[in-house]
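S.K.:
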Ligand code: ATP
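In the working numbering, the protein residues as written are 6 to 366.
#1: The alpha helix (DSSP H) spanning residue 291 covers which residue range?
#2: Taking Cβ positions, are residue 293 and residue 240 nearer each other than 9 Å?
#3: Measuring from the CB of residue 57, is there a heavy atom of the ligand ATP at a distance below 8 Å?
#4: So, does the segment 229-247 touch the segment 73-90, judging by three or more C-beta pairs under 8 Å?
#5: Would you mind stating whether residue 289 and residue 352 have Cβ atoms separated by less than 9 Å?
#6: Is residue 61 near the ligand ATP, with its Cβ less than 8 Å from a heavy atom?
#7: Check whether the Cβ of residue 308 lies closer than 8 Å to any heavy atom of the ligand ATP, and answer yes or no.
#8: In whole angstroms, what separates the C-alpha of residue 56 from that of residue 262?
#9: Tell me where the alpha helix (DSSP H) around residue 116 begins and ends.
#10: Starting from the C-beta of residue 102, find all residues in its chain whose C-beta is less than 6 Å away, skip the five residues before and the five after it, and write them out in chain order.
#11: Between the Cα of residue 22 and those of 327, 191, 44 and 283, spot the shortest distance and give me the residue it belongs to.
#12: Restricting to runs no shorter than 3 residues, where is the beta strand (DSSP E) found entirely within the segment 318-366?
#13: Taking any heavy atom of the ligand ATP as the mark, which residues have a C-beta closer than 5 Å to it, listed down the chain?
#14: Alpha carbon to alpha carbon, how far is residue 355 from residue 149? Give it in angstroms, no decimals.
#15: Cutting at 7 Å between CB atoms, please list the residues of its own chain near residue 49, excluding the five before and the five after it.
#16: Flag this pair as touching only if the segment 152-169 and the segment 180-188 have three or more C-beta atom pairs under 8 Å; answer yes or no.
#17: Might you give, ordered along the chain, the residues of its own chain that have their beta carbon closer than 7 Å to the beta carbon of residue 98, omitting 5 neighbours on each side?
#18: When the Cβ atoms of the segment 316-326 are set against those of the segment 250-259, are three or more pairs found closer than 8 Å?
#19: With the cut-off set at 9 Å, would you say residue 359 and residue 337 are in Cβ contact?
#20: From residue 112 to residue 106, what distance separates their C-alpha atoms?
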């Protein structure tokens, strides 16, 4: 079994807690992304799964098997790092064949496996090229191939695409997902790039300051962030959050946003839950889920970013600044006032004191 269970896992370096009581279940064959900003503890978690670091406390199990004290070489994991680790004096073919040869595989088997992996990673025309003549993009592909050819039950990748160029990264996202589907490996993928996590992972574990914030499918973490950190971190731009106070009106429960006015009434189930919050809330909505309307939040346009397919419009400033994403031909310019209305289904509310999402129903 190659399910991975992290139980109450912690790691401290001296007084500094790099990982705090992490509980995470990664299913057999699942593609799990560990996503978070620099320094949040992703690599520390990964290094402990690989056996490069010992936990300060807590457990790591592969299936039923406790990994305490099991060295890296005996864990059956493949590991690819940000910086490719390959033999530059060898050819691509020799690099790919290295692992199976060390394991004593027969030549015919090695040839066939090298051929298959090279085909999958588009390395076939380069098999007899010396590695020291190849670009960083290709070297990282060889490094992935060298690990993948061993068909590890658990494949760990730590920011493998951060040094390759943007166009190549897009190609590799698709290839890595296909590779994982083909081998049905359990894959753990460390990244600070939400696009990588969203496009490839079955589920994403979002981390911040050594604390697991939320685990869910890409759409779950996008649609229903557990807290304001996830709401802001997921999405580009992140979720808009405006501070206000719940208030009863004759149309139902609204949020009084001070100078911005009051919001439309909250949907019934959300309103019931928000009534239980004492104090201020954060009224959240995604920039891509707003429309220009006659009634809504009236705000001055402060900046217009035309990014090709879409236009990101910055509205207001300071604590009441929001962003809205429109079609590229939207006719708004700096200095104009725009009236925007969040689509009702997209509205989320957070408790301002705890930062936690208020769950409807
Ligand atoms: P990055 O993408 O920048 O590597 P990360 O989320 O992978 O970020 P980690 O490398 O896991 O973060 O580091 C988490 C925290 O632990 C950081 O503050 C880092 O400085 C600290 N840390 C990591 N390894 C050590 C170490 N060997 N000694 C002391 N502190 C460490």
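Just so you know, even glycine gets a beta-carbon here, dropped at the ideal spot from N, CA and C.
M.R.: The structure says:
#1: As a first step, residue 291 must be located in the chain shown, where it is residue number 286. Residue 291 -> no alpha helix (DSSP H), and no H or E assigned at all.
#2: In the chain shown, counting from the first residue as 1, residue 293 sits at position 288. In the chain shown, counting from the first residue as 1, residue 240 sits at position 235. Against a cut-off of 9 Å, the Cβ pair of residue 240 and residue 293 comes out as a contact.
#3: Here residue 57 refers to the residue found at position 52 when the chain shown is read from its first residue. No, the Cβ of residue 57 stays beyond 8 Å of every heavy atom of the ligand ATP.
#4: Too few Cβ pairs lie closer than 8 Å, so no.
#5: Against the chain shown, residue 289 aligns to sequence position 284. Against the chain shown, residue 352 aligns to sequence position 347. Cβ distance < 9 Å, so residue 289 and residue 352 count as in contact.
#6: For this step, residue 61 is matched to residue 56 along the chain shown. Relative to the ligand ATP, residue 61 has its C-beta separated by 8 Å or more from all heavy atoms.
#7: In the chain shown, the residue the question calls residue 308 occupies position 303. For residue 308, the distance from the CB to the nearest heavy atom of the ligand ATP is not below 8 Å.
#8: As a working note, residue 56 is residue 51 in the chain shown. As a working note, residue 262 is residue 257 in the chain shown. The alpha-carbon of residue 56 is positioned some 50 Å away from that of residue 262.
#9: Translated into the one-based positions of the chain shown, residue 116 becomes position 111. Its alpha helix (DSSP H) spans residues 112-125.
#10: Here residue 102 corresponds to residue number 97 of the chain shown, with the count starting at 1. Answer for residue 102: 115 and 119, listed in chain order.
#11: Within the chain shown, the letter at position 17 stands for residue 22. With distances taken between Cα atoms, residue 22 lies closest to 44.
#12: Annotation note: the segment 318-366 contains the following uninterrupted beta strand (DSSP E) runs of length 3 or greater, listed N- to C-terminal: 327-332, 342-347 and 353-356.
#13: With 5 Å as the limit between CB and the heavy atoms of the ligand ATP, the residues that fall short of it are 18, 23, 43, 44, 45, 46, 47, 48 and 49.
#14: Your numbering for residue 149 matches position 144 in the chain shown. Your numbering for residue 355 matches position 350 in the chain shown. Across the structure, residue 149 and residue 355 are spaced so that their CA atoms are roughly 41 Å apart.
#15: The residue given as residue 49 occupies position 44 in the chain shown. The residues are 16, 23, 24 and 58.
#16: Touching, yes, given that three or more Cβ pairs across the two stretches are closer than 8 Å.
#17: Reading the chain shown from its first residue, position 93 is the one you call residue 98. The residues are 119, 132 and 133.
#18: Touching, no, given that fewer than three Cβ pairs across the two stretches are closer than 8 Å.
#19: Here residue 359 refers to the residue found at position 354 when the chain shown is read from its first residue. Here residue 337 refers to the residue found at position 332 when the chain shown is read from its first residue. No, Cβ-Cβ distance for residue 359 and residue 337 is not below 9 Å.
#20: Indexing the chain shown from 1 puts residue 112 at position 107. Indexing the chain shown from 1 puts residue 106 at position 101. Between residue 112 and residue 106, the C-alpha separation is close to 8 Å.
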